[in-house]
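Here the structure comes first, spelled out in structure tokens, and everything after it is commentary.
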């Protein structure tokens, strides 16, 4: 049974490790404030790769699905969140020209009405006030990220409707739906310039050189959540996904103090809202706190 006097946040992600690379410091901040935070992980990441060169060994590949579950358990403990798998199978990231077909039975091929059902049940059971997910492009065009967006929007709209999914619990309507705006041109450029000013080599130079300004999402940001003091928690959670993250890679090339000073927020777009909260915001629970105070 959920506590009627506690704020609740649900973050919906495609794979283990996504929760630690997108919105992790935000979640850690809200956990510290007494908010109940739950991560819904749509797939087990079964078709992922080993992205840490130090672990690129046959015995690691053989155990990869189980290792990703174990890594998720460590990351959620570091973040202080609860977490549930929705039970779908990773679609993999198709490569080639033309792209090969997606594997039969994978998450991306499950019809949205069916794929959203476990999330509707979870929303009705957990009763979140705020839901976090990806934008319509998935943040980047991985088929599982796009499907995560689709089921999140579908479930946000359906969970409060007693005529939809009538067997999946008592209706509950979340108040706000946000999209992660993690990789914006303004943020990456600010970090890049700060590193150059410090006399360091920027890991973002090639990225910026190939950036298409037409696809930049900076103008869509409505909400910037201050959470710089929790960036170390974010990084620790990310490193817990040891098969997926190279601790010597680009994720960690920008010094912590530079990040905290230059861009001390994690950023979001308010996509749906049933409450009054003037924009821009600095709190995902703006417009909700007066009704559900944190104890």
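In my numbering, the protein residues as written are -8 to 286. Backbone N, C-alpha and C define an ideal beta-carbon position, used for all residues, glycine too. Just so it is clear, the structure is predicted and the values come from calculations on it, not from any experiment.
{"Check": "Which runs of the alpha helix (DSSP H), 4 residues or longer, sit entirely within the segment 19 to 58?", "Outcome": "49 to 53"}
{"Check": "State whether the segment 251 to 258 contacts the segment 45 to 59, with contact taken as three or more CB pairs (one from each stretch) at a distance under 8 Å.", "Outcome": "no"}
{"Check": "I need the DSSP call for residue 82, collapsed to helix, strand or coil.", "Outcome": "coil"}
{"Check": "At a cut of 8 Å, does the segment 17 to 26 reach the segment 139 to 157 through at least three beta carbon pairs?", "Outcome": "no"}
{"Check": "Mapping DSSP to helix, strand and coil, what is residue 62?", "Outcome": "helix"}
{"Check": "Thinking residue -1 and residue 117 are a contact (beta carbons under 8 Å), I'd like their distance in whole angstroms, please.", "Outcome": "6 Å"}
{"Check": "Give the range of the alpha helix (DSSP H) segment to which residue 223 is assigned.", "Outcome": "222 to 231"}
{"Check": "DSSP beta-bridge partners for residue 258?", "Outcome": "215"}
{"Check": "Does the ligand GTP have a heavy atom nearer than 7 Å to the CB of residue 217?", "Outcome": "Judged by which ligands are present, the structure shown has none, so any question about the ligand GTP falls away."}
{"Check": "Who are the near neighbours of residue 69 in its chain, counting only those whose CB is closer than 7 Å to its CB and skipping five residues on each side?", "Outcome": "224, 227, 228, 231"}
{"Check": "In whole angstroms, what separates the C-alpha of residue 142 from that of residue 246?", "Outcome": "36 Å"}
{"Check": "What is the DSSP secondary structure of residue 235, reduced to helix, strand or coil?", "Outcome": "coil"}
{"Check": "Alpha carbons only, please: which of 1, 30, 124 is nearest the one belonging to residue 172?", "Outcome": "124"}
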